[in-house]
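In our numbering, the protein residues as written are 251 to 548.
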């Protein structure tokens, strides 16, 4: 995290910074992170203010232009195969292949076998553990994956704080029915089971695992997941989904096929895209959502 280039106007800032701010060497900080890297606002979103930094000249230019945004430097992950975005609702995660350079309607690829089973499981574990640690129950996590189809793929979480993630029809398309159905199912489970928010995060339990030098990285993930499954009542939720939850799946499936849902889709597209593109995108999203099939009851 870097000090402001241009601090915000605030009566306490001058006194506080004079007392506590230490001078810093931007080039030394960058060298410790390593080129290439990214400079990003600490409160960023939608790629606002993000710069890829390959050399000291770009570093100073980006920092000078950051003005009153508080920035941080983030190491780059080069040579990755897959940008994965995992949407987690309660204990359940859907990991999707994400294409950030594409327009929004193409960013979520309808592709299912883009990760090895080991990489897919690790991303699912990371997503659930992060949410349980912070007591979040609706969040998305972004990871870069190197050698994505390998049993020893390298998974790098890069963004895991999206507490109101994008689940618009025009973004998720194919995955939208799953997201809405899972939100409905998890909410119903919370009401039916009397689940209450947990205010004490109990982070010491995670740190005890982290500090255990006898455990490998994967063993730590497994141990963290035990705590996460306890937090999310995963076994109880699985039992609910296999029982009363199947009715919710049927309700969602019926709704997705209804005229009411199609009207919502059309209305959303007409409110999102210019007139000359609307018919094309109505057909586009209708086609993708038609590919979705509801879960099969056990």
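Using N, Cα and C, we set each Cβ at its ideal position, and we do this for glycine too.
Just so we're clear, the structure is a prediction, and the values are computed from it rather than from any experiment.
Inter-residue Cα distance where the pair is residue i and residue j
i, j, result
"residue 278", "residue 323", "12 Å"
"residue 424", "residue 391", "19 Å"
"residue 321", "residue 268", "20 Å"
"residue 389", "residue 455", "22 Å"
"residue 542", "residue 365", "20 Å"
"residue 487", "residue 336", "19 Å"
"residue 361", "residue 409", "21 Å"
"residue 399", "residue 418", "29 Å"
"residue 393", "residue 357", "15 Å"
"residue 325", "residue 283", "6 Å"
"residue 258", "residue 298", "18 Å"
"residue 518", "residue 507", "16 Å"
"residue 532", "residue 262", "53 Å"
"residue 479", "residue 372", "15 Å"
"residue 343", "residue 526", "36 Å"
"residue 467", "residue 502", "39 Å"
"residue 485", "residue 318", "47 Å"
"residue 334", "residue 443", "32 Å"
"residue 349", "residue 416", "14 Å"
"residue 378", "residue 265", "42 Å"
"residue 341", "residue 382", "9 Å"
"residue 521", "residue 351", "23 Å"
"residue 529", "residue 429", "25 Å"
Proximity test, Cβ basis, 8 Å: residue i and chain C
i, result
"residue 267", "No chain C appears in this structure, which consists of one protein chain only."
7 Å Cβ shell around residue i - same chain, five flanking residues per side excluded
i, result
"residue 305", "285"
"residue 511", "505"
"residue 433", "339"
"residue 369", "395, 398, 403 and 405"
Neighbourhood of residue i by C-beta distance below 6 Å, restricted to the same chain and skipping five residues each side
i, result
"residue 548", "Bear in mind that a pLDDT of 43 at residue 548, under 50, signals an unreliable position, so the number given afterwards is only what the model happens to contain. Here the set comprises 492."
"residue 316", "255"
"residue 462", "none"
"residue 473", "459"
Unbroken alpha helix (DSSP H) run spanning residue i, endpoints
i, result
"residue 457", "454-460"
"residue 371", "367-384"
"residue 536", "525-541"
"residue 282", "276-283"
"residue 491", "484-492"
"residue 306", "306-315"
Identity of the residue in the options nearest residue i by Cα
i, options, result
"residue 458", "470, 381 and 357", "470"
"residue 431", "307, 272, 544 and 317", "544"
"residue 397", "466, 353 and 331", "331"
"residue 376", "407, 333 and 427", "407"
"residue 534", "297, 299 and 422", "422"
"residue 367", "516, 525, 403 and 449", "403"
"residue 287", "490, 460, 494 and 328", "328"
"residue 436", "496, 451 and 411", "496"
"residue 449", "481, 500 and 273", "481"
Same chain only: Cβ atoms within 8 Å of residue i, ignoring 5 sequence neighbours per side
i, result
"residue 313", "252, 255, 276, 289 and 321"
"residue 445", "439 and 483"
"residue 464", "none"
"residue 489", "none"
"residue 515", "419, 532, 535, 536 and 539"
"residue 303", "280, 285, 286, 287, 288, 289, 309, 312 and 323"
"residue 447", "385"
"residue 453", "383"
Delimiting residues of the beta strand (DSSP E) encompassing residue i
i, result
"residue 391", "388-396"
"residue 405", "404-409"
"residue 419", "Taken as a continuous stretch (DSSP letters only), residue 419 belongs to no beta strand (DSSP E), being part of the alpha helix (DSSP H) at 419-422."
"residue 357", "Unbroken run through residue 357 is the alpha helix (DSSP H), 354-357; no beta strand (DSSP E)."
Per DSSP, cross-strand counterpart(s) of residue i
i, result
"residue 231", "With the chain covering 251 to 548 only, the question about residue 231 has no answer from this structure."
"residue 323", "289"
"residue 334", "347 and 393"
"residue 508", "Residue 508 pairs with nothing; no bridge assigned."
"residue 430", "According to DSSP, residue 430 bridges with nothing at all."
"residue 301", "289"
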